[in-house]
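See structure below.
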Amino acid sequence: DGGITQSPKYLFRKEGQNVTLSCEQNLNHDAMYWYRQDPGQGLRLIYYSQIVNDFQKGDIAEGYSVSREKKESFPLTVTSAQKNPTAFYLCASSMERGLEQFFGPGTRLTVL
Amino acid sequence: DAKTTQPNSMESNEEEPVHLPCNHSTISGTDYIHWYRQLPSQGPEYVIHGLTSNVNNRMASLAIAEDRKSSTLILHRATLRDAAVYYCILRRGGTYGQNFVFGPGTRLSVLP
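Each protein sequence line maps, in turn, to chains E and C.
Using the numbering used here, the letters of the first sequence map in sequence onto residues 3 to 114.
Using the numbering used here, the letters of the second sequence map in sequence onto residues 393 to 504.
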């Protein structure tokens with residue numbers, strides 16, 4: 003089955019530690035995205051990538067970093083510089099200039 | 393980017409039609425109107441999209457006002473599985489969707 007996978011579903015980390023969230027897609031999509039969602043809020047764009055080895059900052063990129071070495075993979079690192087990292091993180095992908103974004107199941111990160 | 397306005401919450405009875413409104417008075421000529429929905433603790437899923445004409449698919453219908461300043465998502469017969477947060481989003485044509493802005497959406501409750 004084609005789709006987007008995110009792992010793990012739940013992640014706990016101590017304050018001050020960097021943590022990397024995984025996102026993999028087998029839809030052969032060019033574009034991939036990372037969003038953050040806080041309770042009762044909509045989604046906010048962290049980073050997006052339109053093609054391998056290229057990515058752009060979204061609205062709330064501070065404290066986050068990404069890489070796009072392979073078409074299928076777009077990992078997100080939450081660094082210790084992110085002041086409020088506890089949130090629900092969603093990865094998505096779309097075809098080149100596609101009209102529909104496909105979302106993964108999300109990773110809920112809790113920083114203790 | 394053009395913004396959308398939706399009611400915070402709506403309620404419907406099971407097996408009755410539901411009309412979810414969205415205002416987008418600053419929409420531009422190349423903006424597509426998208427609807428996504430998000431079930432609890434899941435990633436959003438695509439529902440429908442349109443540009444100028446009304447659209448139907450297996451999930452819902454989208455009615456777009458003639459001046460395009462508002463639209464309505466129509467669920468013809470609500471089921472308990474339709475209880476979700478519904479997002480109305482504008483996407484500029486020709487882009488990858490990096491300018492998707494997910495506001496707080498409308499929380500739809502379906503009563504048995």
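We treat Cβ as the ideally placed atom computed from N, Cα and C, and that holds for glycine.
> Between which two residues does the beta strand (DSSP E) containing Q27 (chain E) stretch?
Replying inline: Here residue 27 (chain E) refers to the residue found at position 25 when the first sequence is read from its first residue. Start and end: 21 to 27.
> Buried or exposed: where does G422 (chain C) fall if 16 or more other Cβ atoms within 10 Å of its Cβ makes it buried?
Replying inline: Locating residue 422 (chain C) in the second sequence gives position 30, where the first residue counts as 1. Checking the displayed sequence, the identity of residue 422 (chain C) turns out to be Thr instead of Gly. With fewer than 16 other Cβ atoms within 10 Å, it is exposed.
> DSSP three-state call for L472 (chain C): helix, strand or coil?
Replying inline: Within the second sequence, the letter at position 80 stands for residue 472 (chain C). Helix at L472 (chain C).
> Where does M402 (chain C) sit, in a helix, a strand or coil, going by DSSP?
Replying inline: Taking the first residue of the second sequence as position 1, residue 402 (chain C) is located at position 10. Reduced to three states, the DSSP call for M402 (chain C) is strand.
>> My assumption, with CB atoms under 8 Å, is that D474 (chain C) sits in contact with L467 (chain C). Please give the rounded CB distance.
In response: The residue given as residue 474 (chain C) occupies position 82 in the second sequence. The residue given as residue 467 (chain C) occupies position 75 in the second sequence. That pair is a contact at about 6 Å.
> Can we say the region 70 to 78 of chain E touches the region 22 to 40 of chain E, given the rule of at least three CB pairs closer than 8 Å?
Replying inline: yes
> Q434 (chain C) and P413 (chain C) look like a contact to me (Cβ under 8 Å); what is the Cβ gap, rounded to whole Å?
Replying inline: Along the second sequence, read from residue 1 onward, the residue named residue 434 (chain C) stands at position 42. Along the second sequence, read from residue 1 onward, the residue named residue 413 (chain C) stands at position 21. The pair is not a contact, with the Cβ atoms about 24 Å apart (cut-off 8 Å).
>> I'd like the list of long-range same chain contacts for V54 (chain E), defined as Cβ closer than 6 Å, with 5 residues on each side in sequence excluded.
In response: Indexing the first sequence from 1 puts residue 54 (chain E) at position 52. These residues qualify, in order along the chain: R70, K73.
> So A476 (chain C) packs on E407 (chain C), CB below 8 Å; how close in whole Å?
Replying inline: Locating residue 476 (chain C) in the second sequence gives position 84, where the first residue counts as 1. Locating residue 407 (chain C) in the second sequence gives position 15, where the first residue counts as 1. 17 Å between Cβ atoms; not a contact.
> From this set, E:R15, E:K16, E:T22, which residue's C-alpha is nearest V68 (chain E)'s C-alpha?
Replying inline: Translated into positions along the first sequence, residue 68 (chain E) becomes position 66. Looking at the Cα atoms, E:T22 is the closest of the given residues.
> Buried or exposed: G42 (chain E), going by 16 or more other Cβ atoms within 10 Å of its Cβ?
Replying inline: Residue 42 (chain E) sits at position 40 when you count from the first residue of the first sequence. Label assigned to G42 (chain E): exposed.
> Of the residues E:S82, E:L92, E:S51, E:S9, which one's Cα is nearest the Cα of E98 (chain E)?
Replying inline: Your numbering for residue 98 (chain E) matches position 96 in the first sequence. Nearest option by C-alpha distance: E:S51.
> Once you ignore the five residues that flank G65 (chain E) on each side, which residues in its own chain have a CB closer than 6 Å to its CB?
Replying inline: Along the first sequence, read from residue 1 onward, the residue named residue 65 (chain E) stands at position 63. Here the set comprises T81, A83, Q84.
>> Contact defined as beta carbons within less than 8 Å: I believe A94 (chain E) pairs with Y35 (chain E). What is the distance between those atoms, to the nearest angstrom?
In response: Taking the first sequence and counting its residues from 1, one reaches residue 94 (chain E) at position 92. Taking the first sequence and counting its residues from 1, one reaches residue 35 (chain E) at position 33. That pair is a contact at about 4 Å.
>> Tell me the DSSP secondary structure of D459 (chain C) in three-state form.
In response: Within the second sequence, numbered from 1, the residue matching residue 459 (chain C) stands at position 67. Of the three classes helix, strand and coil, the one that applies to D459 (chain C) here is coil, per DSSP.
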